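Position one of the sequence shown corresponds to residue 143 (our numbering), numbered consecutively onward. See below for the structure under consideration.
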Amino acid sequence: MSDFFLQFVWCAVPVYNNSATVLDVVRRCCEQVPNVVVVDDGSDIPVQELLKDLPVTVLRHEQNRGKGEAMLTALRYIAKQGGAWMITLDADGQHDPADIENFLPAMQAGPNAIYIGARDFSSPNIPAGSRFGRRFSNFWIKLECGASVSDTQSGFRAYPVDLLSQMKLRGRRYDFEVEVLTKTVWYGLSIKEVPIRVFYPSKKERISHFDQWKDNLRLTHRHAMLVSRRLLPWPHKKLVKPAETDWKVLVRHPRKFLAMLLKENSSPAELGLAAGVGILLATLPLIACHTVAILYVTTKLKLNRLLALNVQHLCAPPLVPLACIGLGFFLRNGSWIGREDLRAVASNLHQHFLNWLLGSVVLAPVLAIISGLVVFYIAAAVRRKGVRRYA
Numbered sequence: 143m144s145d146f147f148l149q150f151v152w153c154a155v156p157v158y159n160n161s162a163t164v165l166d167v168v169r170r171c172c173e174q175v176p177n178v179v180v181v182d183d184g185s186d187i188p189v190q191e192l193l194k195d196l197p198v199t200v201l202r203h204e205q206n207r208g209k210g211e212a213m214l215t216a217l218r219y220i221a222k223q224g225g226a227w228m229i230t231l232d233a234d235g236q237h238d239p240a241d242i243e244n245f246l247p248a249m250q251a252g253p254n255a256i257y258i259g260a261r262d263f264s265s266p267n268i269p270a271g272s273r274f275g276r277r278f279s280n281f282w283i284k285l286e287c288g289a290s291v292s293d294t295q296s297g298f299r300a301y302p303v304d305l306l307s308q309m310k311l312r313g314r315r316y317d318f319e320v321e322v323l324t325k326t327v328w329y330g331l332s333i334k335e336v337p338i339r340v341f342y343p344s345k346k347e348r349i350s351h352f353d354q355w356k357d358n359l360r361l362t363h364r365h366a367m368l369v370s371r372r373l374l375p376w377p378h379k380k381l382v383k384p385a386e387t388d389w390k391v392l393v394r395h396p397r398k399f400l401a402m403l404l405k406e407n408s409s410p411a412e413l414g415l416a417a418g419v420g421i422l423l424a425t426l427p428l429i430a431c432h433t434v435a436i437l438y439v440t441t442k443l444k445l446n447r448l449l450a451l452n453v454q455h456l457c458a459p460p461l462v463p464l465a466c467i468g469l470g471f472f473l474r475n476g477s478w479i480g481r482e483d484l485r486a487v488a489s490n491l492h493q494h495f496l497n498w499l500l501g502s503v504v505l506a507p508v509l510a511i512i513s514g515l516v517v518f519y520i521a522a523a524v525r526r527k528g529v530r531r532y533a
């Protein structure tokens, strides 16, 4: 790697009360790149004093503002210094700074991307919560932007400074790392991965500042906001011109197009979600608009459209609409609708629309969850059977 390129590469290390590991982590970062900035995010420990013998810049927040805010502080500083790349890694010793060399060739070859260090989770002492959290986060990132990423929770990343500085990001704590990946794709950049090692100490020695309640609530809120934004019809601003899909090829080869639709987003979780969305929208009283609504939502979320369109037939009249009307009538009146009145629903449907709407709002999520779980378990079983057959 040329010394000229390394002049524009910075390593940023956010620190919050990691006195046992920060010195060693920062020292090894200095061995990899010439420019290192440490952001002390309101630590109780004297970070400046600990690092006084190292050629690094230490910036300090007087109060803890969150990991995302610390990274943005580093970003603004690096931009002022003329830096082109910001490599971030945690100060708790989980990441090995020697793996910075894995990022450098990819960064030099492709500037319009964010690079994530994909952790090797075959290492010992990996918490079960971390394994689940990674799968859960990967699923939501795929839903929000369509990108398949194996380790969306890794904090070992390389960001192009100029492009990241132009992104409008709201997350200031752990939700920053979720939001930045989704908006990376929205803004026209790509997400690429490089392999890295990971070290987890034993449970007794492990230090984590992740608040299970507050931070999970922030992450849930951020995911909800990102999914909601994706469903809106207006496009996102592009910092990089995206590659265009050659629709002419698809039109000329309809069989290939159909095969693509059948296979698209076909993991068990994605199939289950597609079925749930189809049932949810089909249960609502969107008279003569169910197909359009299902196509719109599944296209925006990049779910399997054929599955969602077909499961809607399970909600065709009369069973599900009558069940919704009956439930809505009960919720409004405290008693069930009479049998004769129920038989006459078709002739005076307009009088029961409010009952239908109210009942569907309650029943639709229940049916969606049930159908989604059924499809998920069936798809997972079929996949396992296929793996065993060809193993």
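All C-beta atoms, glycine included, are put in the ideal place defined by N, C-alpha and C. The model shown is predicted, which means the values in this text are computed figures rather than measured ones.
Is the beta carbon of residue i sitting closer than 8 Å to the one on residue j?
i	j	result
residue 450	residue 419	yes
residue 256	residue 175	no
residue 456	residue 412	no
residue 315	residue 295	no
residue 207	residue 184	yes
residue 329	residue 378	yes
residue 364	residue 443	no
residue 327	residue 279	no
residue 284	residue 290	yes
residue 513	residue 439	no
residue 474	residue 500	yes
residue 338	residue 260	yes
residue 426	residue 502	yes
residue 382	residue 331	yes
residue 421	residue 510	yes
Could you please give me the residues that DSSP links to residue i through a beta bridge?
i	result
residue 258	299 and 335
residue 154	179 and 230
residue 517	According to DSSP, residue 517 bridges with nothing at all.
residue 199	179
For residue i, count neighbouring Cβ atoms within 10 angstroms of its own Cβ and tell me buried if that reaches 16, exposed if not.
i	result
residue 380	exposed
residue 404	For residue 404, the predicted model reports a pLDDT of 48, less than 50, meaning its position is unreliable and no value from the coordinates is stated.
residue 447	buried
residue 434	exposed
residue 374	exposed
residue 220	buried
residue 160	buried
residue 476	exposed
residue 299	buried
residue 470	buried
residue 156	buried
residue 524	exposed
residue 526	exposed
residue 468	buried
residue 177	buried
residue 356	exposed
Rounding to the nearest angstrom, what Cα-Cα distance links residue i and residue j in this structure?
i	j	result
residue 231	residue 193	17 Å
residue 233	residue 323	21 Å
residue 387	residue 187	For residue 387, the pLDDT reaches just 49, beneath the cut-off of 50, and the residue's location in the model is therefore unreliable, leaving the point undetermined.
residue 462	residue 239	58 Å
residue 146	residue 250	11 Å
residue 167	residue 235	6 Å
residue 215	residue 369	27 Å
residue 516	residue 423	17 Å
residue 392	residue 209	Caution applies to residue 392, whose pLDDT of 48 falls short of 50 and renders its modelled position unreliable; the value that the coordinates give is listed next. Each residue's Cα considered, the two are about 44 Å apart.
residue 496	residue 366	28 Å
residue 464	residue 507	16 Å
residue 198	residue 153	10 Å
residue 281	residue 303	27 Å
residue 247	residue 150	14 Å
residue 313	residue 498	39 Å
residue 429	residue 416	20 Å
residue 479	residue 263	56 Å
residue 408	residue 520	12 Å
residue 181	residue 163	15 Å
residue 305	residue 472	55 Å
Could you check whether the Cβ of residue i sits closer than 7 Å to any heavy atom belonging to the ligand GTP?
i	result
residue 305	You won't find the ligand GTP in this model; it holds no ligand whatsoever.
3 or more residues per run - each beta strand (DSSP E) lying fully within the segment 202-253: 227-230
Contained alpha helix (DSSP H) runs [length at least 4] in the segment 417-505, N- to C-terminal order: 432-442, 447-453, 461-475 and 481-485
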